[in-house]
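Protein chains: 2
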Amino acid sequence: MSQLNVRFLPHDRTLSVPKGESLIRAAMAAGVHVNASCGGEGVCGKCRVLIEEGQVADGISERLSRADIEKGYRLACLSTLTGDTTVRIPVESSIDTTALARQYTPRRTAKIQITDINSLKEQGLFIAPVVKTCLELPPPTAQDNLPDVSRLIRALKQEGDWHRLELTLPVIRSLPRILRENNFKVTATLVKAVRKSGITRIIHIQPGDTTAANYAVAMDIGTTTIFGQLMHLETGECLSERGDFNGQISYGEDVISRIMYAEKPGGLEKLQEVVVASINKILARMISQAKVDRENISTITLAGNTTMTQLLLGIDPRYIRRAPYVPASTHYPPFIASSIGIDLDEHATALLFPEISSYVGGDIVAGVMGSGMYRSEELVLFLDIGTNAEIVIGNKDWLACTACSAGPAFEGGGVEFGMRAAQGAIEDFSIDSVTFEPMIVTVGNVRPKGICGSGLITMIAVMFESGLIDNRGKFNRSLGTKRVRDNNGIWEYVIAWADETQIGRDIALTEPDIDNLIRAKGAIYSGCMTLLEEVGLSVDMIERIILAGGFGSYIDLEKAMTIGLLPETDPDRVTYIGNGSLMGARMSSLTNKIRQDVIEVTKRMTNFELSETPSYMNNYVAAMFIPHTEIEKFPRLKERMNRKNK
Amino acid sequence: MSQLNVRFLPHDRTLSVPKGESLIRAAMAAGVHVNASCGGEGVCGKCRVLIEEGQVADGISERLSRADIEKGYRLACLSTLTGDTTVRIPVESSIDTTALARQYTPRRTAKIQITDINSLKEQGLFIAPVVKTCLELPPPTAQDNLPDVSRLIRALKQEGDWHRLELTLPVIRSLPRILRENNFKVTATLVKAVRKSGITRIIHIQPGDTTAANYAVAMDIGTTTIFGQLMHLETGECLSERGDFNGQISYGEDVISRIMYAEKPGGLEKLQEVVVASINKILARMISQAKVDRENISTITLAGNTTMTQLLLGIDPRYIRRAPYVPASTHYPPFIASSIGIDLDEHATALLFPEISSYVGGDIVAGVMGSGMYRSEELVLFLDIGTNAEIVIGNKDWLACTACSAGPAFEGGGVEFGMRAAQGAIEDFSIDSVTFEPMIVTVGNVRPKGICGSGLITMIAVMFESGLIDNRGKFNRSLGTKRVRDNNGIWEYVIAWADETQIGRDIALTEPDIDNLIRAKGAIYSGCMTLLEEVGLSVDMIERIILAGGFGSYIDLEKAMTIGLLPETDPDRVTYIGNGSLMGARMSSLTNKIRQDVIEVTKRMTNFELSETPSYMNNYVAAMFIPHTEIEKFPRLKERMNRKNK
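Here the protein sequences line up with chains A and B, keeping their order. For the first sequence, position 301 (counting from the first letter as 1) is numbered 301 according to my numbering, and the numbering increases by one without interruption. For the second sequence, position 52 (counting from the first letter as 1) is numbered 52 according to my numbering, and the numbering increases by one without interruption.
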């Protein structure tokens, strides 16, 4: 996407943003406050700005007078940037006379790490686990009457460095006919052993030359969503990508409620059936979108948390939620995908990512593998934040992991107006430091309905830095803004008045909401701290942070550091890998190197149970402040606070 | 069985026979002629003998006068030997005045080789492929919360020298419940890899201690019959043994007709279904007889010829009967027995004996393994005679094999009064050298219905040595016995007159019958010769002969050498192993040593196609005489003939 420059006046702040970006989001990113409370739907009309140079698309509304429009006024929330532009924020839209004097930190999200097959090849890590080879065999004669299987094996050994070849029964059954119907020209699909000394299995024989069609599927089986990718095994190219809800969602929102459902009579079978149906739906869509032949998909790699994995395999998960939290297994043998109902051909094998414990599952291991953390020289903190947060710390020599329950706050749970990051969720927020008027941006730029997790983080960070709340998350009761109020004994800040919302009620953030978020961030931060202490390290030794999971992609890094969710570090040292589970599954589909390495990685990854680690409670209590009882751990924030208080 | 001595007068020949042997069979074995033509049913009354010392049981018939009975006369065919006895053959029962002057060779059948688990243990060859281990695991605690699978593996590694353990999905599924329902005391069934470096698979977990119940099944899948043995895997004890016809027999008698049936629409599926049904019938009977729990049978080893193997696995066998006679495969991977319909539990694995070629199948390889021939220092000739004869020559260093079509003569086919070795089949025969009157013994000691293969061999040998037929198998037309006659242009010898038979017709052996048998034995002998020549050896270098197959157990070795079916050798150097296929399957069930060795054995066994070996036709033509064009190859027979002609 091409970039353009947008300059904000009177701040004289210039930002490079992608062409097509909305003006209000650009302002948010630049740390330029524009009053806005309708989420970007153009309803409140508060975000009136003047386009001084350049052009924007749209931005015209009946909230603007004809005269204003002719002067160049537009509504920031409705304007799209199409070229270099200079925008002036009128005083009535900013009411921030001290803007020039303030140190805004522009919003920073993590860099996205993309792994492609070429980089694997360059690193010598590309060892295709499934290979197709076209062979033209000499037909048998009286002098050369080897059995069909031996004839095939001889040709393979002549053609490549194959040893210990074994055919499956279905292949042997099909071989005599396919050979003779095609003048002994066939394509063999070979699955290499993970170990070099292992057996290579010939799992499929097709007439003629089908080497050009060799596909693999990778899937992330999430508690909420399932994502799949269909790839070409030679080029590594992703031919189609699909996601959908995990059908199990009707039987419980989180892993605990799923386990409870599985304990009911027929429950396990039902959940197994439903998740397989979801997988098959995604498979069908990917196959149809990519226009490939199902027969040419030879392998599917799946990664999921421990409960999702057990439910997929039909393994009773009841002991996962009971002390001492024991999973059935952490490693599973490869199996025939169709044997559990996955709608692939009889020859297609399925591989599940191994796990570490009941609460550090295959999705996390996949993320560790996919991110390359296990090969890192640097000390890395890997974090996957959701209802449960999984933490991995380590490098190429050692790895330690743990899981902690963050609670549902980051997914909008336990927060009065909390919601998932869906249409109408407030995802970005700033506040005028004088008037304490808000600027909000919603998902989909529609009127607000509620607040999503990333919005909450930003909101609390902004409120803390602006002095609206103190380090215990309590509102300053003496600011004189009507937005801070006592609502039946509960103090809250009104983000949007009822008439600006979709729900017809005031949307507010309450002290109990803030408290919930502090608990959630405190659990994660203290988890990191405890894990570091257990391995004898301190937080300042972390050289890189890797964020995985859907949530990680949306959070404003600076804000997350401000509230003490993440250890404070240079944002450049934070990498966002998106769906790490899918990334790991994809890489494992493409190269046996990952399948080899993962065996070693799971061996050297030490799991810590926080409930069994006495220091965890102390760390947790210390983390129940914004950002922490010891502000020294957040030197940059401390400096900003000091500067502000001067 | 205890032995007793029986002394025949006037021959003064003493023989040691098992207690309970019939007197006429003892006479036959001693080479003492007693006129007899009813096969031993006591009808013809010709076999009147005088018990001079000792006692026999029974032997009394209305054919004997009260005076005779009081003197001690009995019918030999009805008498059973119960102690040391002296028996005089009266002149009217023998009419053989030259008896004393003649060199009879007593009937010799081969020694039976029995392999038991103890000898395997003594030889260090006992490596149980399936082991059961009872484990009492410590229940998980907060400090020791290993996954169930890891807990099991840890205990196994502590308990024994296990490495590279892998569990199947069904075992993982069952593990959490079984562990907890039984206070973590369970029995694991482990299948060892054939290679030492291979993976040991845990295929079954049972509550409590079931180590005492650990069973295996071995089966020989013959074209005509299927035999099974159910064994205890620790003691090697055979708990039950059953045989039945292969249900496929309704769809064709021999492999070729089965292949032709399989080529019809639905034919292959039908034959697969039918053979599995036969296997399941035998399994059910063995399980019920041995009173074992089906769940405790963990492995089944099957051996069959190439066609039987392909039909069992549902692999189209059409190319086996078409030049250049190519089987689908010679090696098959282990598979889950129930996957092809075998009625064993889901965890039970099936292993098929590997093959050499389209006509040297798993039954022969099993025989080679079971007989220990592949470990022999001596040069061994291994022979399995049926419609097809398979020949293996070699020792511990090398092995060569081939197959030849003997035709159905040995199974009673192509012989006017030929029949299988069933009730009423003449199985033993001698002839009076003066009167040319016959002495016959039938299967079941009933009136004769026909002649079985072993009877034919003996008959032709006896006829040749008595001068009744010449070395081309033609009757001496000038002997003056009415039993040799021209019946509508075909010369024949009447073995039993119509009124002495069950069928009401004269039972005769014709010159075309003899010709058929000469062709059959010529094919086998020339096969042996050709194979020897191909490896640069000669017939006199053979140090041991091993006979396998149902047929081998019945033939009179001396007679088989007389007609030139077998190379002439010391009968002590001939071993009969019975159903070599079953024996090999059984040993392979009991010890991995066989499973390891068989891989090497199949590699070093060189297959020769006789149709591709030019010298075979010459050898065949030379073998179309009794015993052979070159009588020098049969020095002992030559000496007997010379002595007789003097």
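Every residue gets a Cβ at the ideal spot worked out from N, C-alpha and C, and that includes glycine. Note that the structure is a prediction, hence the values are computed from the model and not measured.
- The bridge partners DSSP lists for A/I440 are A/F429.
- Of the other Cβ atoms in all chains shown, fewer than 16 fall within 10 Å of the Cβ of B/A142; this residue is therefore exposed.
- Interface annotation, A/D316: in contact with chain B, CB-CB separation under 8 angstroms.
- The alpha carbon of A/M286 has as its nearest neighbour, out of A/F353, A/A216, A/R164 and A/S79, the alpha carbon of A/A216.
- Listed in chain order, the beta strand (DSSP E) runs fully inside the region 259 to 302 of chain B amount to none, counting runs of at least 3 residues.
- If you look at B/L146, you'll find it isn't in any alpha helix (DSSP H); DSSP assigns it neither H nor E.
- The beta carbon of B/L566 is closer than 6 angstroms to those of A560 in its chain, skipping five residues each way along the sequence.
- Here A/V276 is not near A/I364, since their CB atoms are 8 angstroms or more apart.
- Around the beta carbon of B/K603, fewer than 16 other beta carbons lie within 10 angstroms, which makes this residue exposed.
- Your pair B/L302 and B/L311 does not check out as a contact, with CB atoms roughly 12 angstroms apart and the cut at 8 angstroms.
- When secondary structure is reduced to three states using DSSP, B/Y554 falls in the coil class, being assigned neither helix nor strand.
- The secondary-structure analysis by DSSP pairs B/N487 across a beta bridge with B/I490.
- Excluding the 5 residues flanking it on each side, B/G247 has same chain C-beta neighbours closer than 6 angstroms at V274, A277 and S278, in chain order.
- Residues of the region 345 to 365 of chain B that bring their beta carbon within less than 9 angstroms of a beta carbon in chain A comprise E355, S357 and S358, in sequence order.
- With fewer than 16 other CB atoms across the displayed protein chains lying within 10 angstroms of its CB, A/K196 is exposed.
- In this structure, DSSP gives B/C238 an extended state, which the three-state scheme calls strand.
- Against chain B, the beta carbon of A/Y325 has neighbours under 9 angstroms at P140, A142 and N145, listed in chain order.
- A/E390 sits in a strand when the DSSP states are folded into three classes.
- Within its own chain, the residues whose Cβ lies closer than 6 angstroms to the Cβ of B/N5, once the five positions on either side in sequence are excluded, are T14, S16 and D84, listed in chain order.
- Considering only beta carbons, the part of the region 165 to 179 of chain B lying closer than 8 angstroms to chain A consists of E166, L167, T168, L169, I172, R173, L175, P176 and R177, in chain order.
- Collapsing the DSSP output to three states places A/D58 in a strand.
- For B/H232, the beta-bridge partners assigned by DSSP are B/Y215.
- Comparing C-alpha distances from B/I315 to each of A/L532, A/G467, A/V149 and A/G413 shows the shortest one belongs to A/V149.
- The contact set of A/S329 on chain B, defined by CB atoms closer than 8 angstroms, consists of P147, D148, V149, S150, L167, I172 and L175 in chain order.
- Counting only unbroken stretches of 4 or more residues, the alpha helix (DSSP H) elements lying wholly within the region 22 to 95 of chain B are 23 to 30, 66 to 71 and 91 to 94, in sequence order.
- For B/K185, the secondary structure class from DSSP, reduced to helix, strand or coil, is strand.
- Within 8 angstroms of the CB of B/E612, the CB atoms of chain A belong to A142 and Q143, in sequence order along the chain.
- By the rule that beta-carbons nearer than 8 angstroms mark a contact, A/L399 does not touch chain B.
- Taking a beta-carbon distance threshold of 8 angstroms, B/L230 does not count as an interface residue toward chain A.
- The alpha carbon of B/Y554 has as its nearest neighbour, out of B/T575, B/D397 and B/E543, the alpha carbon of B/T575.
- Under the Cβ criterion of 8 angstroms, A/L381 is not counted among the residues facing chain B.
- Membership of A/P635 in the alpha helix (DSSP H) is indicated by the continuous run P635 to N645.
- A/S61 has its alpha-carbon roughly 7 angstroms from the corresponding atom of A/L75.
- Below the 7 angstroms Cβ cutoff, chain B contributes no neighbours of A/Y616, its closest Cβ being approximately 13 angstroms away.
- Residue pairing from DSSP places A/I451 in a beta bridge opposite A/G418 and A/I426.
- Per DSSP, B/K521 is one residue of the alpha helix (DSSP H) stretching across E511 to E534.
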